[in-house]
Structure formats: structure tokens, C-alpha cells
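A.B. asks: Numbering (the UniProt record's numbering), first residue to last: 1 to 322.
Dropping a structure here in C-alpha cells format, bear with me for questions.
Structure follows, in C-alpha cells:
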């Protein structure tokens, strides 16, 4: 089933609105019930439309980067601030969501950095409130990128994967969710032009290997990803290898736990989206991380470096055009 249309004025066709808004694309919401809310409380952000001036706080946002770890997203905003030379790198960057312990949010200029926790349920909750925040703030032409870590399949550890399409554990490009007892299937396509732009940035950087490929999104870190080291395991090493080889043959380059719902929700909201994850190990060769802390830390910085290069390049191009 496709996502049901809404008669609300809040549902907008990005292409139609593009013609009526100086060729800019607004963020879409699809919920007529929001019209009846006096105050839309973004509970897990500790923000609200009555308590905060969201257009003033977030109206200039053009780039949103999301990742699992609050620490990593703070490190990213510090990195991007230095790259863009917008603020003193030694400045303190307050957590906008300090009123809650669920997520962390940081902002520098047009860049918003938000943590999403681990797994589909956690990132889905965050995305509902993030999309509403961007809508209420009247943001336009927003690009959103998930940066994170993953397990690779047949790739050297440290390789960065830009997702072509998110697939489920049966290698199908779809996200399924049960709503009111019925299974709703949503598309997981991502912006291919954006993926190519990110790949080009990596070539220009020349610092690490980057590929475009499918990403498998699972509901679990252990059995769901064919690991042999969980508390429970009912399959053999050969079963694991056969499954991962089938995944590789289906175009899967890496495995993580958020890309499917991220892709689906960003597509529904009209957000230009990408997933950029570094591989920490080759799952065909093992299940546990054996690299040193220093090596893993250097790998985790690679998506930040790539996305930072992309944002800087975009802002420079816009400045030249202006």
C-alpha cells in the first residue's frame, strides 16, 4: 500500500511548489491532524511551536546530518565549523535538545547535526520530529545525509559506502511497517545525483576508497546480520557465508540498521537524501571488531570528511552564483 494522500494544506507536492516558490523545494508533511494542534510539541527534542521560535532558530538550515551517536554528531559540528570557518573551533556548541536525554542536536550556520540512536524505531521517532521541525521552520531546499558505521561485505575495512538503494534482509528495496494492523510498504529510493556528487567529492579528496552500492538494513545486530557471536545462533558458518555471498551478489556492499526507514521517510517529505557509512570490517572474514581504537576512530571520521567536503563545495558554488 502506498502512503495515503491527505487533503491537508500541509501536504505539498515538491514539484508543484517548486514552480511557486522561486524554484525552491519546501519540506512536506502528510498529516491533516496537525492543523488542529495549537502547539505541536516535539517531545523528544524538548521543542515546540508555541515555546520556541522555530523559523528564527532553524529557518536557514540547508544541510542536516544525522548519525547514531550524540558524541559523533557533536564532533561533526565541531569539524564542520572549522571547515566552514564560521566560528572559533574552540567554541562551545550547546546541545539544543539539552532538555531531553533522547537525542542531541547542534547547529552551525546552515548545518544541523542530530543524533538518532540505534535501529529503525529510534531513528523513525527522531525523523518524525525532525521533519516537522523543518516544516514549521519553513526550511527549503534541504539536503539530509545519514553518516555512520557499518559492516562491509567483500570490502576492505575503512571503505566508505554511499548507498544506492536500501534493501531489507531479503534484498528487496522496500521498507515495511505495520499501521493499524495492516502492512504498509514504502519505497527506499535515494537521490542518485546526490550519491554521484558525493562520490565525486571523494575522488577530489583522494584520501580513502569510496563506492556506491546497495545497503542492507536489518532489524538486529546479531542474528539479523548473520553473526555467529550473539547469545543465540541456530545456523552454521557455511550458512552465514552462503547468505552474505547472496547479499553480495544482490549488490549489497554493507549492512546497518537505519537506512530503510531513513530513505522512505525522506522520500515522503521531499528531502534530498543520502546515506554515507564507513565499513569497520569485512563480514566475510569475521564478526567482531579487531582493529585498534585509533584505527576505528580514524575510519569513523571518513564520512564526516566526505560530507564536510560536499557541504563546503555546495556553499562555495552558491556563493559564486550569488
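Cβ coordinates follow ideal geometry from the N, Cα and C atoms, glycine included.
These numbers come from a predicted model, not from an experiment.
What alpha helix (DSSP H) runs, 4 residues minimum, are completely inside the segment 257-314?
C.D. replies: The qualifying runs are 259-269.
A.B. asks: Tell me whether the beta-carbon of residue 269 lies closer than 8 Å to the beta-carbon of residue 64.
C.D. replies: As a working note, residue 269 is residue 269 in the chain shown. As a working note, residue 64 is residue 64 in the chain shown. Cβ distance not < 8 Å, so residue 269 and residue 64 don't count as in contact.
A.B. asks: Would you call residue 267 buried or exposed, if buried means 16 or more other Cβ atoms sit within 10 Å of its Cβ?
C.D. replies: Along the chain shown, one-based indexing puts residue 267 at 267. Buried, since its Cβ has 16 or more Cβ neighbours within 10 Å.
A.B. asks: Per the contact definition of three or more C-beta pairs closer than 8 Å, is the segment 280-288 in contact with the segment 198-211?
C.D. replies: At 8 Å Cβ cutoff, the stretches do not touch.
A.B. asks: Which residue comes first and which comes last in the alpha helix (DSSP H) that contains residue 238?
C.D. replies: For the purposes of this step, residue 238 is taken as the residue at position 238 of the chain shown. Unbroken alpha helix (DSSP H) run through residue 238: 237-249.
A.B. asks: For the segment 156-238, which segments carrying the beta strand (DSSP E) assignment without a break, of at least 3 residues, lie completely within its bounds, in sequence order?
C.D. replies: As far as the segment 156-238 is concerned, its whole beta strand (DSSP E) runs of at least 3 residues are 160-167, 174-179, 182-187 and 210-217.
A.B. asks: By DSSP, does residue 152 sit in helix, in strand, or in coil?
C.D. replies: Mapped onto the chain shown, residue 152 falls at position 152. Residue 152 falls in the strand class under three-state DSSP.
A.B. asks: Can you give the Cα-Cα distance for residue 51 and residue 37, rounded to whole angstroms?
C.D. replies: Translated into positions along the chain shown, residue 51 becomes position 51. Translated into positions along the chain shown, residue 37 becomes position 37. For residue 51 and residue 37, the distance between alpha carbons rounds to 13 Å.
A.B. asks: Helix, strand or coil for residue 16, going by three-state DSSP, please let me know.
C.D. replies: Translated into the one-based positions of the chain shown, residue 16 becomes position 16. Per-residue confidence for residue 16 stands at a pLDDT of 40, beneath the threshold of 50, marking its modelled position as unreliable; no derived number is given.
A.B. asks: If you run the structure through DSSP and keep just helix, strand and coil, what is residue 29?
C.D. replies: Here residue 29 refers to the residue found at position 29 when the chain shown is read from its first residue. Three-state DSSP puts residue 29 in coil, outside helix and strand.
A.B. asks: Within this structure, are the beta carbons of residue 158 and residue 248 separated by less than 8 Å?
C.D. replies: Here residue 158 is taken as the residue at index 158 of the chain shown, counted from 1. Here residue 248 is taken as the residue at index 248 of the chain shown, counted from 1. Cβ atoms of residue 158 and residue 248: not closer than 8 Å.
A.B. asks: Have a look at the DSSP bridge pairing and note the partners of residue 63.
C.D. replies: On the chain shown, position 63 is the one that residue 63 refers to. 111 and 143.
A.B. asks: Given 8 Å as the limit, is there contact between the segment 81-94 and the segment 176-195, that is, 3 or more CB pairs closer than that?
C.D. replies: Contact fails: fewer than three Cβ-Cβ distances are below 8 Å.
A.B. asks: Give every residue of the same chain whose Cβ lies closer than 8 Å to the Cβ of residue 377, excluding the five residues on either side of it in the sequence, and list them in chain order.
C.D. replies: Only positions 1 to 322 of the chain appear in the structure, and residue 377 is not among them; the question remains open.
A.B. asks: Please determine, among 119, 73, 194 and 130, the residue with the shortest C-alpha to C-alpha distance to residue 272.
C.D. replies: Mapped onto the chain shown, residue 272 falls at position 272. The shortest Cα separation from residue 272 among 119, 73, 194 and 130 belongs to 194.
A.B. asks: What does the alpha-carbon distance come out to for the pair residue 8 and residue 278?
C.D. replies: Walking along the chain shown from the start, residue 8 turns up at place 8. Walking along the chain shown from the start, residue 278 turns up at place 278. For residue 8, the predicted model reports a pLDDT of 35, less than 50, meaning its position is unreliable; a value from the coordinates is still stated below. One C-alpha to the other measures close to 40 Å.
A.B. asks: Compute the Euclidean distance between the alpha carbons of residue 291 and residue 298, then round it to the nearest angstrom.
C.D. replies: If you number the chain shown from 1, residue 291 lands on position 291. If you number the chain shown from 1, residue 298 lands on position 298. Going from the Cα of residue 291 to the Cα of residue 298 covers about 11 Å.
A.B. asks: Report back the beta-carbon spacing between residue 42 and residue 132 to the nearest angstrom; my notes put them in contact at under 8 Å.
C.D. replies: Position 42 of the chain shown, counted from the first residue, corresponds to residue 42. Position 132 of the chain shown, counted from the first residue, corresponds to residue 132. Between residue 132 and residue 42 the Cβ distance is about 6 Å, and since that is below 8 Å, they are a contact.
A.B. asks: Let's test the definition: count the other Cβ atoms within 10 Å of the Cβ of residue 149 and tell me whether it reaches 16, buried, or not, exposed.
C.D. replies: Against the chain shown, residue 149 aligns to sequence position 149. Per the 10 Å Cβ criterion, buried.
A.B. asks: Counting along the chain, where does the alpha helix (DSSP H) carrying residue 122 start and finish?
C.D. replies: On the chain shown, residue 122 is found 122 positions in, with the first residue counted as 1. First-last of the alpha helix (DSSP H) with residue 122: 120-136.
A.B. asks: For a test of the three-state rule: what should DSSP assign to residue 42, helix, strand or coil?
C.D. replies: Against the chain shown, residue 42 aligns to sequence position 42. The answer is strand: DSSP assigns residue 42 an E or B state.
A.B. asks: Tell me whether the segment 242-258 and the segment 162-174 touch, counting them as touching only if at least three CB pairs, one residue from each stretch, are closer than 8 Å.
C.D. replies: Enough Cβ pairs lie closer than 8 Å, so yes.
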